[in-house]
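Chemist:
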Amino acid sequence: MIPPKPKARPDRVSLWRYVKLFRQDILSAQPARLYRAWMAEFKTPFFRSYLVNQPDLVKTVLKDRPMDFPKSGRISEGLRPLLGESVFLTNGATWQRQRRIIDPAFEGGRLRETFAAMWAASDAARTRLIARAGEEVEIEEFTSHAAADVIFRTLFSIPIEDEVAQQVFHEFRTYQRSQPILNLAAFVPLPNWMPRFFRKDTKATARRIRTLISGLCEARAAEITSSTAPDDLATKIMTTVDPETGETFDAQEMVDQVAIFFLAGHETSASALAWTLYLMATHPEWQDKVAAEAQALSGDFSEVSKLKVSRDVFREALRLYPPVPMMVRETTCPEHFRNRTLPKGSQVVLSPWHLHRHERLWDRPDDFDPARWQTENGKTCGREAYMPFSAGARVCTGAGFAMVEGVLLLSLLLRDMKVAPVAGKEPVPEAHLTVRSRDGIWLKVSRR
């Protein structure tokens with residue numbers, strides 16, 4: 063079967079119709095021609111936007127000249143109440159300083175050190191799913207809980223059952239439901255002094271989340287001072303000194319960074335795992351292969367590298383359902399792409415969703431086929447047209463972490479459990495903060 067994807071809009075619509083569609087769902091607001099286009103232009107009264115699919119131009123923006131194409135402030139307008147000046151939103155020297163402090167926490171050696179916490183969270187998720195055997199489960203809610211548990215255990219050494227962890231988890235769920243991807247400032251350029259208009263519930267939820275995170279960070283700072291802090295990601299980040307300035311993050315900066323770790327690390331992982339489990343339910347032959355490979359798992363970090371089937375399955379799910387469907391950069395000077403001049407201040411949209419399904423690049427782009435990664439076309443596209451975690455200097459800091467987490471959770475869950483689709487409840491993909499299903503993803507779970 064062909065995995066579901068959103069129905070495309072008509073090729074031409076008015077600006078206000080587009081804005082309305084975009085607020086409802088980023089993906090169905092786009093025309094079908096983007097699955098074949100190398101570049102497409104979209105004009106508004108206030109700015110021009112160019113979606114770029116041509117691999118060498120994507121490389122120019124993300125890898126060759128990333129500092130010439132900073133992140134656009136338009137999309138970040140709607141996220142600042144929660145994320146402040148986090149590494150996800152900043153540019154230039156501020157972003158470079160933040161990466162110098164954050165990156166060491168996610169280096170290869172740290173994955174081995176955090177694996178025990180990741181395994182504990184994955185095993186807890188397996189136990190929770192076993193308890194639901196024989197039921198129909200809304201799997202996105204389940205994977206959100208599992209991914210949050212991984213974040214809490216690896217970042218602050220607390221399980222999701224911890225009272226504060228529970229509060230943060232539920233507040234994040236509320237925030238995701240209340241926060242549209244766009245507000246007025248995304249389409250109309252507003253001066254810095256002008257107040258931004260956010261929904262009251264969005265602002266209130268963001269304040270509650272930041273207060274809870276601030277409490278966790280203050281408690282950890284006290285443990286660091288008394289030399290009783292566990293050796294987890296939070297401790298590593300809070301004690302890492304910027305080699306150029308000799309400074310660490312202050313309290314406000316740390317709250318900003320933890321907020322994006324939760325939003326990006328938890329939300330994207332939950333989305334990716336949910337869609338992977340759905341694809342396993344609809345492709346039982348691959349589900350059985352993952353389960354067979356997982357039988358040897360015992361909890362040793364070295365075993366992860368042997369999960370080759372699970373890795374290809376997870377990569378294929380990320381291709382079809384990249385958690386972050388679009389990324390927006392901005393030109394700092396006029397650029398010349400495909401015989402067009404992009405004025406300074408233009409929005410350059412890079413769409414993993416369209417690039418991963420591009421009809422002129424991939425063989426059978428809408429099919430689920432983990433075996434493609436061993437073909438010549440798959441290997442070429444994997445290098446040139448695959449970016450579920452972005453690419454280049456601004457590649458997701460936790461990309462390696464996410465690949466271990468996703469593969470481990472998938473393997474451990476399917477080792478003992480089977481998932482099957484629920485008749486009449488095919489999911490409809492739509493994108494707000496990440497690619498989710500409009501009415502959830504319902505699966506029937508049973509013991510293997």
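Note that this note's numbering has the sequence shown beginning at 63, numbered continuously upward.
Glycine residues also receive a C-beta, built at the ideal position from the N, C-alpha and C atoms.
Please report the distance separating the alpha-carbon of Phe-311 from that of Gln-319.
Modeler: Their Cα atoms are separated by approximately 9 Å.
Chemist: Does the segment 114 to 126 come into contact with the segment 413 to 426, if we say contact requires no fewer than three beta-carbon pairs (one atom in each stretch) closer than 8 Å?
Modeler: Contact holds: three or more Cβ-Cβ distances are below 8 Å.
Chemist: Arg-445 by DSSP, collapsed to three states: which one?
Modeler: Correct three-state label for Arg-445: helix.
Chemist: Taking Cβ to Cβ, would you say Ala-187 is nearer than 9 Å to Leu-471?
Modeler: For Ala-187 and Leu-471, yes; Cβs fall inside 9 Å.
Chemist: Can you look up Trp-504 in the DSSP assignment and give me helix, strand or coil?
Modeler: It is a strand residue.
Chemist: Can you tell me whether DSSP reads Thr-310 as helix, strand or coil?
Modeler: Coil at Thr-310, not helix or strand.
Chemist: Going by DSSP in three states, Lys-69 sits in which element: helix, strand or coil?
Modeler: Reduced to three states, the DSSP call for Lys-69 is coil.
Chemist: In chain order, what residues of the same chain have a beta carbon less than 7 Å from the beta carbon of Tyr-80, not counting five sequence neighbours either side?
Modeler: Only Ala-91 meet the Cβ criterion.
Chemist: By how many angstroms is the C-alpha of Asp-431 removed from the C-alpha of Ala-594?
Modeler: The question about residue 594 has no answer, for the chain in this structure spans 63 to 510.
Chemist: Helix, strand or coil for Lys-105 per DSSP?
Modeler: The answer is strand: DSSP assigns Lys-105 an E or B state.
Chemist: Is Arg-127 helix, strand or coil when you go by DSSP?
Modeler: Note: Arg-127 maps to coil in three-state DSSP.
Chemist: For Glu-347 and Tyr-340, I'd like the C-alpha separation in whole angstroms.
Modeler: Near 13 Å, if we compare the C-alpha coordinates of Tyr-340 and Glu-347.
Chemist: Measuring CA to CA, which of Ser-508, Gly-468, Ser-408, Glu-200 is closest to Trp-181?
Modeler: For the residues Ser-508, Gly-468, Ser-408, Glu-200, the minimum Cα distance to Trp-181 belongs to Gly-468.
Chemist: Out of Ala-336, Arg-98, Ser-499, Pro-143, which one is the CA nearest neighbour of Ser-206?
Modeler: Comparing Cα-Cα distances from Ser-206 to each of Ala-336, Arg-98, Ser-499, Pro-143, the minimum goes to Ala-336.
Chemist: Once DSSP output is grouped into helix, strand and coil, what is the label at Phe-214?
Modeler: Three-state DSSP puts Phe-214 in a helix.
Chemist: Which runs of the alpha helix (DSSP H) fall wholly inside the segment 451 to 497 and span at least 4 residues, in chain order?
Modeler: Fully enclosed alpha helix (DSSP H) runs of 4 or longer: 461 to 478.
Chemist: Cutting at 8 Å between CB atoms, please list the residues of its own chain near Leu-505, excluding the five before and the five after it.
Modeler: Glu-198, Val-199, Ile-201, Leu-339, Tyr-340, Ala-343, Val-481, Ala-482, Pro-483, Val-484.
Chemist: Return the chain-ordered list of same chain residues with a C-beta closer than 6 Å to the C-beta of Thr-302, the five sequence neighbours on each side being excluded.
Modeler: The residues are Ile-163, Pro-166.
Chemist: Could you give the C-beta distance for Trp-435 and Asp-374, rounded to a whole number, given that I count them as a contact under 8 Å?
Modeler: Going by Cβ atoms, the distance from Trp-435 to Asp-374 rounds to 5 Å, so yes, they are a contact pair.
Chemist: From this set, Ser-333, Ser-276, Ala-356, Thr-152, which residue's C-alpha is nearest Ile-503's C-alpha?
Modeler: Per the Cα distances, Ser-333.
Chemist: Out of curiosity, what's the CA-to-CA distance linking Gly-308 and Gln-160?
Modeler: Roughly 13 Å separates the two Cα atoms.
Chemist: How far does the alpha helix (DSSP H) with Val-410 in it extend, from its first residue to its last?
Modeler: That residue, Val-410, is in no alpha helix (DSSP H); its beta strand (DSSP E) goes 409 to 412.
Chemist: Less than 8 Å between C-beta atoms, sequence neighbours within five positions excluded: which residues of the same chain meet that for Ser-372?
Modeler: Counting only Cβ-Cβ distances below 8 Å, and skipping sequence neighbours, we find Val-352, Glu-355, Ala-356, Val-469, Leu-472, Ser-473.
Chemist: When burial is assigned at 16 or more other CB atoms within 10 Å of the CB, is Pro-128 buried or exposed?
Modeler: Burial call: buried.
Chemist: Should Trp-415 be flagged as near chain D, meaning a C-beta pair shorter than 9 Å?
Modeler: In summary, chain D is missing from the structure at hand, where a single protein chain is found.
Chemist: Whose C-alpha, out of Asp-428, Leu-191, Thr-297, is nearest the C-alpha of His-282?
Modeler: Inspection of the sequence shows that residue 282 is occupied by Arg rather than by His. It is Thr-297 whose Cα lies nearest to the Cα of Arg-282.
Chemist: Which residue marks the beginning of the beta strand (DSSP E) containing Leu-404, and which one marks its end?
Modeler: Per DSSP, Leu-404 belongs to the beta strand (DSSP E) from 402 to 404.
Chemist: Could you give the uninterrupted runs of the beta strand (DSSP E) lying entirely in the segment 282 to 348, keeping only those of 3 residues or more?
Modeler: Segments of the beta strand (DSSP E) lying fully in the segment 282 to 348: there are none.
Chemist: Reducing DSSP to helix, strand and coil, say where His-398 ends up.
Modeler: Strand.
Chemist: Between which two residues does the alpha helix (DSSP H) harbouring Ala-112 extend?
Modeler: Note on residue identity: the sequence assigns Tyr, not Ala, to residue 112. Unbroken run through Tyr-112 is the beta strand (DSSP E), 110 to 114; no alpha helix (DSSP H).
Chemist: Kindly list the residues whose CB is nearer than 8 Å to the CB of Leu-173, restricted to its own chain and excluding five residues on each side of it in sequence; keep chain order.
Modeler: Taken in chain order, the residues that qualify are Phe-363, Gly-462, Phe-463, Val-466.
Chemist: Would you list the residues sitting across from Val-390 in a DSSP beta bridge?
Modeler: Paired residues: Val-411.
Chemist: If distances are taken between C-alpha atoms only, which option among Ile-275, Gly-277, Thr-236 comes closest to Lys-262?
Modeler: Among Ile-275, Gly-277, Thr-236, the Cα nearest to that of Lys-262 is on Thr-236.
Chemist: Leaving out the 5 sequence neighbours to the left and right, which residues in its chain are closer than 8 Å to Leu-404 when beta-carbon positions are compared?
Modeler: Taken in chain order, the residues that qualify are Arg-110, Tyr-112, Thr-393, Pro-396, Glu-397, His-398, Val-410.
Chemist: According to DSSP, Glu-198 sits in a beta bridge with which residue or residues?
Modeler: In DSSP, Glu-198 forms a bridge with Lys-506.
Chemist: For Asn-153 and Thr-459, what's the separation of their Cα atoms in angstroms?
Modeler: Their backbone Cα atoms lie some 15 Å apart in a straight line.
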